[in-house]
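Going down the list, the protein sequences come from chains A and B. Its first residue numbered 9, the first sequence is counted upward by one per residue in the numbering used here. Its first residue numbered 5, the second sequence is counted upward by one per residue in the numbering used here. The beta carbon of each residue, even a glycine, is placed where N, CA and C say it ideally should be. Because the structure is a prediction, the values reported are computed rather than measured.
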Amino acid sequence: MRVVVAGAGTIGSLFAAHLARVADVAVLTRRDAHARALNERGLRVSGRADFTASVRASTDPTALGDADLVLVACKGGDLEPLAASLHGRFPAATVMTTQNGLGAEEIIAAHGEWPLLSAVTFMSGTRHDDANVEYVLDTATWIGPYRGTSVADAESVAELIRSAGLKAEAFDDLRPAQWSKLIFNATVNTVAALTGLPHDFHFAEGTLGDLVHSLVDEGKAVAAAAGVALGEDPWEMNVHATQRGHAHYPSMLEDVNAHRPTEIELITGSLIREAAKYGVAVPLHTTLYRLVKAKEASYS
Amino acid sequence: MRICIVGCGAVGSLFAANLAQLDDVEVWAYDLSREHVDAINAGGLRLSGAGDVLGRVRATVDAGEVPPCEFGIVATKAMHTSAAIAATAHAFANGCVATVQNGLGNEETIAEYAAKVIRGTTFPAGKIIEPGHVQWDVKGDTTLGPFEPQPAPMAEIERLADACTRGGMPTKAVADARGPQWRKVIFNASTNPIGALTGLTHGRVCERPDLRQLVSGLVDEGKAVAAAQGIELDADPEELIDHAAKPEVAYGHKASMLQDVEARRTTEIDYLNGGIVRFGREHEVPTPLNQAIWALVKGVEDSWTK
Numbered sequence: 009m010r011v012v013v014a015g016a017g018t019i020g021s022l023f024a025a026h027l028a029r030v031a032d033v034a035v036l037t038r039r040d041a042h043a044r045a046l047n048e049r050g051l052r053v054s055g056r057a058d059f060t061a062s063v064r065a066s067t068d069p070t071a072l073g074d075a076d077l078v079l080v081a082c083k084g085g086d087l088e089p090l091a092a093s094l095h096g097r098f099p100a101a102t103v104m105t106t107q108n109g110l111g112a113e114e115i116i117a118a119h120g121e122w123p124l125l126s127a128v129t130f131m132s133g134t135r136h137d138d139a140n141v142e143y144v145l146d147t148a149t150w151i152g153p154y155r156g157t158s159v160a161d162a163e164s165v166a167e168l169i170r171s172a173g174l175k176a177e178a179f180d181d182l183r184p185a186q187w188s189k190l191i192f193n194a195t196v197n198t199v200a201a202l203t204g205l206p207h208d209f210h211f212a213e214g215t216l217g218d219l220v221h222s223l224v225d226e227g228k229a230v231a232a233a234a235g236v237a238l239g240e241d242p243w244e245m246n247v248h249a250t251q252r253g254h255a256h257y258p259s260m261l262e263d264v265n266a267h268r269p270t271e272i273e274l275i276t277g278s279l280i281r282e283a284a285k286y287g288v289a290v291p292l293h294t295t296l297y298r299l300v301k302a303k304e305a306s307y308s
Numbered sequence: 005m006r007i008c009i010v011g012c013g014a015v016g017s018l019f020a021a022n023l024a025q026l027d028d029v030e031v032w033a034y035d036l037s038r039e040h041v042d043a044i045n046a047g048g049l050r051l052s053g054a055g056d057v058l059g060r061v062r063a064t065v066d067a068g069e070v071p072p073c074e075f076g077i078v079a080t081k082a083m084h085t086s087a088a089i090a091a092t093a094h095a096f097a098n099g100c101v102a103t104v105q106n107g108l109g110n111e112e113t114i115a116e117y118a119a120k121v122i123r124g125t126t127f128p129a130g131k132i133i134e135p136g137h138v139q140w141d142v143k144g145d146t147t148l149g150p151f152e153p154q155p156a157p158m159a160e161i162e163r164l165a166d167a168c169t170r171g172g173m174p175t176k177a178v179a180d181a182r183g184p185q186w187r188k189v190i191f192n193a194s195t196n197p198i199g200a201l202t203g204l205t206h207g208r209v210c211e212r213p214d215l216r217q218l219v220s221g222l223v224d225e226g227k228a229v230a231a232a233q234g235i236e237l238d239a240d241p242e243e244l245i246d247h248a249a250k251p252e253v254a255y256g257h258k259a260s261m262l263q264d265v266e267a268r269r270t271t272e273i274d275y276l277n278g279g280i281v282r283f284g285r286e287h288e289v290p291t292p293l294n295q296a297i298w299a300l301v302k303g304v305e306d307s308w309t310k
C-alpha cells in the first residue's frame, strides 16, 4: 500500500507517522526545510504513542512516486494551491480530504477525476517542530464515500488507519458527522480564539456557556434547514470535551496566538454561507466571524 | 463646603485639583495608592496638559480620617464602587454623593450606603503620569442630576455643579441626567470591547464595514433599552462614534478596555455591556449581541487566571 500524505501539520504528521508503520508513506510538504527534516530525522511521535517513523518527503509531488491513497491534510487556506499541484498526478489513487468545515471535497474534485472519500477527524495533537508531533486526543476519524466510492472503500481505508494504531470508522453518509463537527468547531474555535481560553469548563457553564449554547443552536437551525440530521449533538460534544481533565488549545487559538491566518473562512465562513443559502439568521456566528477576521487584520 | 473625592485616579484627580482652586471649598481625597496620596500631601496635586493646575488636597488611604462632608464625588473604576463607598459612607451621613464613573449600576451601589445620591456623567479624561501628577488629556462637560429612587435635593446638586464649574470643570445640573449617561455608556459598550477583542484602534474598527455594522447592532440594542425606560439620549452615539473615528480625533486611540486587556487588568465590561443586558432584562428588551460581547470579554478575563 502506497500512501501520500499531502500537508504535514499536526493532523497530517499524525497520519503519516502512524501509517508508515503499515504502509509505504511519502509526505508532500510546502517547505524544503520541512521535507529535509523529515528525510533526515524521520517523524517522531510523542504523547499517546512513542516512536519515530521513517518517511520520504518532498515539496514536489512528482518526486513521490505513485500512490494508492492520497490523504489531503493541509490547512483549509492552503487547499486550493495544493489541489492544483495534484492536478494530473497519482492517477491510480483514491483521494481523501480531512479538512475542517465544508467544501474541501469540491475543491479537490475540480482538479482531477480521482475517486474521492471525505473524512472528518476528531483526533488532536500539538506540533512541536517539523519532525516532532505530540499525539494528544485519540478520538476517531470518520470516513464516508464522496465521489466514485462506496462505503466499502471507506471501510478499507478505516481498516488501514486502525491497523496503524489510530481510531477510524466508516459511514454511509458522512454529512451528519461533518455538520456536527462543523457546528462544534465554528463555536469552540472562535470562542477560544477571541477569549484566549483553552477548551475548558468555561465553555459549558455561566455566561460563556450560554453563548456557546446559543451558537450551537444557531448551527443546528442551519443544519435543519439544509436537511441534515446531525450525528452527535454539538453541545454534548462540547460538554464532553471540557470534561476530559486536560485543557485542549483549539487550533484557531494557536493560530491567533502565533499571528497566523486562521481557518475562519472554511469553518464559520462555510456555516454562514450555508445559512444564507437557506435563509437562516445567524447573528452570533456572524458576529464572531467578523471579530476573528478583524483580529487577523490586527496582526499588521 | 467640604468635598471628598472617593477614588483619586485620573478623573478623580481632575475634580480634586480643580475644586481645590476655590477658597470656599476644602477638598479631601480618599485613595488606596499610598505613593499617590503621599505625593499629594507633600507637594499638592498637579495637573498638566489641557490645563496646568496645582491644588492643595488632603489625601488619605485611611477612610476613617475623612471628616463629615457635604459632598462626595465617587470616581473609582466601577468594580471598586462598593468597597470605596462602604469605607467612606460615614463621612456622608448628612451629605450628598455623586458618581462621575463609567457604566451602569454605580448609583444603585452608592444608594446602598448613602441616602442622597447624584447621578453623573463626565467626559474629561487623563492619566496618572507619576504619583501626585496627572496628565489632563481632554477637557469636557459633566452632567449631574438626581438619582431618582434616592435623590439629592436639586438645590444641593446645583451647589455642587456651581462649585465644579467655578473650579474649572464645566458642570450642568439637570432634572434628568440619564440621557448623557446612556449616550456615554452606549458609545463605550459598542466600541471599547470591539477594540479589546480584536486589538484594533477605534479608527480601524470603524473603517471595517462589517465591524462597523456590528458596532451599530450593539448601539441599536442599547438605544432600545434606553427607549424602553423613557430615556432620551442627548446625542446620537452613532454620530459620536463616526466623529471619534476621524484621523484628527481618535482614529489611533486604543480603547481603555483594550489597554486593560493588554495589561491584564479587570475591565469595566460588567458595567457597560453587562449593564445594558441587565437593564434590558428588567425591561424585556432582548440584547443578544451585548450579551455575546459581555461573555467574550469575561472569557478574556477568565483566561488570565485559568
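C-beta neighbour in chain A for residue i, strict 7 Å
i        : result
B/Arg123 : no
B/Lys302 : yes
B/Gly109 : no
B/Asp42  : no
B/Ala248 : no
B/Ser194 : no
Under 9 Å from the C-beta of residue i: neighbouring residues of chain A
i        : result
B/Arg187 : Going along chain A, no residue has its Cβ under 9 Å from B/Arg187, so there is no contact; the nearest lies around 23 Å.
B/Asp214 : Thr294, Tyr297, Arg298, Lys301, Ala302
C-beta contact flag for residue i and residue j at 7 Å
i        : j        : result
A/His267 : A/Tyr307 : yes
A/Thr276 : A/Ala194 : yes
B/Ala14  : B/Ile132 : yes
B/Met5   : B/Asp27  : no
B/Ala230 : B/Trp298 : no
B/Ala115 : B/Gln154 : yes
B/Ala193 : B/Asn277 : yes
A/Thr250 : A/Ala212 : yes
A/Gly85  : A/Ser126 : no
A/Leu94  : A/Ala34  : no
B/His206 : B/His247 : no
A/Phe23  : A/Val12  : no
A/Leu261 : A/Ala201 : yes
B/Met173 : B/Asn22  : yes
A/Lys303 : B/Thr202 : yes
A/His136 : A/His207 : no
A/Ala233 : A/Tyr286 : yes
Beta bridge counterpart(s) of residue i as assigned by DSSP
i        : result
A/Gly20  : Per DSSP, none; premise fails for A/Gly20.
B/Cys100 : B/Phe75, B/Lys120
A/Gly152 : A/Ser126
A/Thr134 : A/Glu142
A/Glu177 : A/Trp150
B/Gly53  : B/Trp140
B/Tyr34  : B/Val10, B/Thr64
A/Ser66  : A/Leu36
A/Phe59  : A/Val53
7 Å Cβ cutoff, residue i in contact with chain B
i        : result
A/Gly204 : yes
A/His210 : yes
A/Arg298 : yes
A/Ser306 : yes
Outcome for residue i when other beta-carbon atoms lying within 10 angstroms are tallied against a minimum of 16
i        : result
B/Pro71  : exposed
B/Gln295 : buried
A/Lys58  : A small fix is needed here, since residue 58 of chain A is Asp in this sequence, not Lys. Looking at its Cβ environment, which holds fewer than 16 other Cβ atoms inside 10 Å, A/Asp58 is exposed.
A/Lys189 : buried
B/Arg50  : buried
A/Ser62  : exposed
B/Glu112 : exposed
A/Asp161 : buried
B/Tyr275 : buried
A/Thr70  : exposed
A/Asn265 : exposed
B/Arg123 : buried
Chain B residues whose Cβ lies nearer than 9 Å to that of residue i
i        : result
A/Lys303 : Leu201, Thr202, Gly203, Leu204
A/Val199 : Ala299, Leu300, Gly303
Closer than 7 Å at the beta carbon, the chain A residues around residue i
i        : result
B/Ala299 : Thr215, Leu216, Asp218, Leu219
Residue i: contacting residues in chain B (beta-carbon distance under 8 Å)
i        : result
A/Pro291 : Gly221, Pro292, Leu293
Where residue i meets chain B, residues with beta-carbon distance less than 7 Å
i        : result
A/Thr295 : Leu218, Leu293, Ala296
Contact set between residue i and chain A, taken where Cβ atoms lie within less than 8 Å
i        : result
B/Asp306 : Thr203, Leu205, His210, Leu216
Minimum Cβ-Cβ distance from residue i to chain E less than 7 Å
i        : result
A/Ser126 : As a matter of chain content, chain E is missing from the structure shown, whose protein chains are A and B.
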